[in-house]
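Report on one structure; see the data block that follows.
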Amino acid sequence: MKKNIKNLLKIFVVIFLVGLVGSLVVFAAPLKIGITQIVEHPALDAAREGFIQALEEAGYTAGKEVIYDMHNAQGDFTNAISIAQKFKDDKVDLIVAIATPTAQATLQVNKEIPIIINAVTDPVAANLAESWESSGNNLTGMSDAAPNKQQVELIPQFLPAAKNVGTIYNAGEANSVVQVEVAKETCEELGLKLIEVTVSNSSEVLMAAQSLAGRVEAIYIVTDNTVVSALESVINVCNRQKIALIVADPSTVDKGPLASYGIDYFSLGKKSGEIALMVIKGAKPSDIPIQTITDPNDLQFVVNLDAAKTIGISVSEEIIKAADKIIKDGKVQGD
Amino acid sequence: MSISLLLHALEQGLVFGIMVLGVFITYKILDFPDLTVEGSFPLGAAVAAKVIFSGGDPLWGTFLAIMAGSLAGLITGLLHTKLKLTNLLSGILTMTLLYSVNLRIMGRPNIPLLGKVTLLGEIENYFPNLSIDYLIPFFFLFLVAILKFSLDFFLSTEIGLAIIATGDNEQMIKSLGANTDLTKIIGLCISNSLVALSGALFAQYSGFADLNMGLGTIVAGLASVIIGISIIKIPTIFWRTIAVLVGSLVYRSIMIVALRYGYSFGFKPGDLKLISVLLVVIALTVPFVKRKLNFITRFNLGRKDLQNNQGKEV
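Residue numbers (this note's numbering), protein chains in the order written: chain A, 1 to 335; chain B, 1 to 314.
Take a look at the structure:
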């Protein structure tokens, strides 16, 4: 009998110790963050890297204080749903959803775990949020709405005589359609004619660019995933046909476009990381407005003088002075 | 494997199972590799989403989606039978034109259904006491069962048998006086209306319709049909429709397993498609390897039998 009690006591002590150690492990457990992305794409990848960088700067090192569960739907919408369900089942602490369809799939599946969106141009039109000020749900983050108006306004600055502007975009991308609408309005205000060409995949971009040759003096490209993936074909056509190429994503200007005024996706990712930190520290997602980059200090004006030389235009001193970054002889100057 | 994992695989396998039934009709019964599905799947999603987004009845939206799908099948059928285009080209043409049509219907590339009253939402409201985790798979199971049995019944009717005969031996059935153009068109219409229904339900299940939603539908459909038929080999219609539905469940489970556990073996997110293909290959070769093994053991047993001079059938 005594032995039994002793044994029982031993068992209790063991259980207690296991429980103690277990709870300590749970207490020190790293933060679990699920990242879901719709496709591999340089801009979207940069947004993801920027997010991770922002958390690292705040003391959340990957693999130590935070564990990332990164997934890519590889263009398959069912996978986007499965990924969202996985995050819900795994009870991750936070979900980062990059691009509109992944954000929609994630919100449809999960209405509790905080969602930080990124690279969604218009979260209200996508029914992700009630308003920009407050989503009214478990979602907040950054929109990648680009300053399209200012970008189009660059065209007459470089080419005062320009009359026709071309644009290529995927009519299947919600983000691009919104941006081209803005570009169209701006062109009308500036007395320019906008010629739209649509593609449905990146192999059609070359043909689309060629179809604009001889009809336009400038081509303007919004942050369209399909076209940006095949930007080299547009650059080739522009160089050969001496067309000025203005792009919305400044990180691509070193590849050959003439100029860009906008935000790079790495900084966008960092900003979304800062929002995530607020949520991690206890803020409610519905209390944090969904933000866009509006501060001129966060926007970059990049001019590629090599491209100007190739297409045979001279860039005024004023523009060079205003630029944050200049690309000359293959090198980046100024920052 | 957790319960929720199984439920998710069940939900997705069943939603896509409806599409797979459609692909089964064209690919296996009519012997018509129909690529229209790549366009009629998002067509169903587009029509249903458009109706629901503008405040219409989701049941009506889903019904219109079925009608639209059958219209898509009709176009492919007419291109093939009346204009004498090859079956592959007819499908490709319809699929391609549907991209533009879908964009026209939706008016924009993405229609959100988050917060809208969908068919699933209505069912949820109808059974407020049941957990949604179980309600949705049960509803899909119920719906798929109805569709399966109706399809079985249809294929046993005179016209259904004529469709089967068209796929088996077109010349023979033609010589018997049947109109094979008509049977093909009917088959294509039914097939694509099932695919569109699947698309309409998937849009409501995932909370949005997107123009690019159809990407890879035909691949998933064919893979499911082939996996299913190689697992269950009983050649009656009753078992074959079960087989393709099982194929759909297996295919979706593979995708989900690849997504969940693939990375534990050092794979990277970009390897997802590779992992899923490897798993599909394994799923398809398991019956084959098993047969091989069976054959070897039989062979060995047979030799033993000969040695023992028993000569019995093994």
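Each residue gets a CB set at the ideal place from its N, CA and C atoms; glycine is no exception.
Note that the coordinates shown come from a computational prediction; the quantities given were computed from them, not determined experimentally.
Beta-carbon proximity list for residue i, same chain, < 6 Å, skipping 5 on both sides
{"i": "Ala58(A)", "result": "Leu277"}
{"i": "Leu222(B)", "result": "none"}
{"i": "Phe238(B)", "result": "Asp152"}
{"i": "Lys271(A)", "result": "Met142"}
Contacts that residue i makes with chain B (C-beta to C-beta distance below 9 Å)
{"i": "Asp224(A)", "result": "Chain B residues near Asp224(A): none, gap ~11 Å exceeds 9 Å."}
{"i": "Glu40(A)", "result": "Pro269 and Gly270"}
{"i": "Ser134(A)", "result": "Chain B residues near Ser134(A): none, gap ~15 Å exceeds 9 Å."}
{"i": "Ile221(A)", "result": "Result: empty, since nearest Cβ-Cβ is about 17 Å, beyond 9 Å."}
Proximal residues to residue i (C-beta, below 8 Å), its chain only, five neighbours per side dropped
{"i": "Val332(A)", "result": "Asp254, Lys325 and Ile326"}
{"i": "Ile229(B)", "result": "Lys28, Arg240, Ala243, Val244 and Gly247"}
{"i": "Val26(A)", "result": "The predicted position of Val26(A) is uncertain, since its pLDDT is 49 and thus under 50; a value taken from the coordinates is nonetheless stated next. For Val26(A), where only same-chain residues beyond five positions count, there are no Cβ hits under 8 Å."}
Residue of the options minimising C-alpha distance to residue i
{"i": "Ala80(A)", "options": "Lys91(A), Ala99(A), Phe266(A) and Val182(A)", "result": "Ala99(A)"}
{"i": "Ile243(A)", "options": "Asn170(A), Gly312(A), Lys270(A) and Asp69(A)", "result": "Gly312(A)"}
{"i": "Pro42(B)", "options": "Ala196(B), Leu114(B), Gln204(B) and Gly22(B)", "result": "Ala196(B)"}
{"i": "Glu130(A)", "options": "Asp144(A), Leu107(A) and Asp93(A)", "result": "Leu107(A)"}
{"i": "Ile95(A)", "options": "Lys64(A), Lys281(A), Gln74(A) and Leu139(A)", "result": "Leu139(A)"}
{"i": "Ile3(B)", "options": "Leu55(A), Asp90(A) and Pro156(A)", "result": "Asp90(A)"}
{"i": "Glu38(B)", "options": "Ala220(B), Leu155(B) and Ala145(B)", "result": "Ala220(B)"}
{"i": "Leu190(A)", "options": "Ile168(A), Glu196(A) and Ala162(A)", "result": "Ala162(A)"}
{"i": "Asn236(A)", "options": "Gly136(A), Asn225(A) and Ile219(A)", "result": "Ile219(A)"}
{"i": "Ser267(A)", "options": "Ile33(A), Ala54(A), Leu31(A) and Pro30(A)", "result": "Ala54(A)"}
{"i": "Cys238(A)", "options": "Lys184(A), Gly34(A), Lys193(A) and Ser211(A)", "result": "Ser211(A)"}
{"i": "Ala203(B)", "options": "Phe53(B), Thr26(B) and Arg260(B)", "result": "Phe53(B)"}
{"i": "Gly214(A)", "options": "Val205(A), Thr226(A), Ile221(A) and Arg240(A)", "result": "Arg240(A)"}
{"i": "Thr102(A)", "options": "Leu114(B), Phe288(B), Gly107(B) and Arg291(B)", "result": "Leu114(B)"}
Per-residue contacts from residue i into chain D (C-beta, under 7 Å)
{"i": "Tyr99(B)", "result": "Absence of chain D from the displayed structure is noted, the protein chains being A and B."}
Residue i vs residue j beta-carbon contact at 9 Å
{"i": "Val315(A)", "j": "Leu299(A)", "result": "no"}
{"i": "Ser198(B)", "j": "Gly44(B)", "result": "yes"}
{"i": "Ala48(B)", "j": "Leu64(B)", "result": "yes"}
{"i": "Gly207(B)", "j": "Pro112(B)", "result": "yes"}
{"i": "Ile186(B)", "j": "Ile159(B)", "result": "yes"}
{"i": "Thr223(A)", "j": "Ala208(A)", "result": "no"}
{"i": "Phe16(B)", "j": "Val225(B)", "result": "no"}
{"i": "Ala248(A)", "j": "Ala174(A)", "result": "no"}
{"i": "Gly269(A)", "j": "Phe87(A)", "result": "no"}
{"i": "Asn164(A)", "j": "Pro269(B)", "result": "no"}
{"i": "Ser40(B)", "j": "Ala68(B)", "result": "yes"}
{"i": "Ala47(A)", "j": "Asp144(A)", "result": "yes"}
{"i": "Leu120(B)", "j": "Ile136(B)", "result": "yes"}
{"i": "Thr76(B)", "j": "Asp31(B)", "result": "no"}
{"i": "Trp132(A)", "j": "Ile290(A)", "result": "yes"}
{"i": "Ile320(B)", "j": "Ser191(B)", "result": "Residue 320(B) lies beyond the residue range present for chain B, which begins at 1 and ends at 314; the question has no answer from this structure."}
{"i": "Leu44(A)", "j": "Ala119(A)", "result": "yes"}
Proximal chain A residues relative to residue i, where beta-carbon distance stays under 7 Å
{"i": "Met213(B)", "result": "Phe77"}
{"i": "Pro315(B)", "result": "Nothing about residue 315(B) can be reported from this structure: the residues present for chain B run from 1 to 314 only."}
{"i": "Arg260(B)", "result": "Lys86"}
{"i": "Leu120(B)", "result": "Those do not exist, as Leu120(B) stays about 10 Å from chain A at its closest Cβ, beyond 7 Å."}
{"i": "Pro269(B)", "result": "Met70, His71 and Asn72"}
{"i": "Asn273(B)", "result": "Note that residue 273(B) is Lys in the sequence shown, not Asn. Simply Gln74."}
{"i": "Gly266(B)", "result": "Those do not exist, as Gly266(B) stays about 14 Å from chain A at its closest Cβ, beyond 7 Å."}
CA-to-CA distance, residue j to residue i, given in whole angstroms
{"i": "Leu249(B)", "j": "Cys189(B)", "result": "24 Å"}
{"i": "Leu7(B)", "j": "Tyr126(B)", "result": "21 Å"}
{"i": "Tyr261(A)", "j": "Ile275(A)", "result": "24 Å"}
{"i": "Asn294(B)", "j": "Val286(B)", "result": "12 Å"}
{"i": "Ser90(B)", "j": "Met213(B)", "result": "21 Å"}
{"i": "Leu141(B)", "j": "Tyr134(B)", "result": "11 Å"}
{"i": "Ala9(B)", "j": "Val109(A)", "result": "14 Å"}
{"i": "Gly338(A)", "j": "Ala209(B)", "result": "A question about residue 338(A) goes unanswered here, because the residues of chain A that appear run from 1 up to 335."}
{"i": "Val20(B)", "j": "Phe77(A)", "result": "17 Å"}
{"i": "Asn201(A)", "j": "Val180(A)", "result": "17 Å"}
{"i": "Ala258(B)", "j": "Asn169(B)", "result": "40 Å"}
{"i": "Ile123(B)", "j": "Ala322(A)", "result": "59 Å"}
{"i": "Asn87(B)", "j": "Ser70(B)", "result": "17 Å"}
{"i": "Gly282(A)", "j": "Asp93(A)", "result": "11 Å"}
{"i": "Asn148(A)", "j": "Ala183(A)", "result": "6 Å"}
{"i": "Gly216(B)", "j": "Leu98(B)", "result": "15 Å"}
Under 8 Å by beta carbon: chain A residues contacting residue i
{"i": "Pro112(B)", "result": "Gln104, Ala125, Ala126, Asn127 and Leu128"}
{"i": "Gly216(B)", "result": "Gly75 and Asp76"}
Amino acids of chain A, ordered along the chain, whose beta-carbon sits closer than 9 Å to that of residue i
{"i": "Phe208(B)", "result": "Phe77, Thr100, Pro101, Gln104, Ala105, Gln108, Ala126 and Asn127"}
{"i": "Ser4(B)", "result": "Gln85, Lys88 and Asp89"}
Close Cβ partners of residue i (< 7 Å) along its chain, the five nearest in sequence each way excluded
{"i": "Ala259(A)", "result": "Leu154, Phe158, Ile246, Val253, Val302, Val303 and Asn304"}
{"i": "Val281(B)", "result": "none"}
{"i": "Ala283(B)", "result": "Ile227, Val250 and Ile254"}
{"i": "Ile92(B)", "result": "Leu35"}
Closer than 7 Å at the beta carbon, the chain B residues around residue i
{"i": "Ile113(A)", "result": "Neighbours of Ile113(A) on chain B: none; closest Cβ ~14 Å, over 7 Å."}
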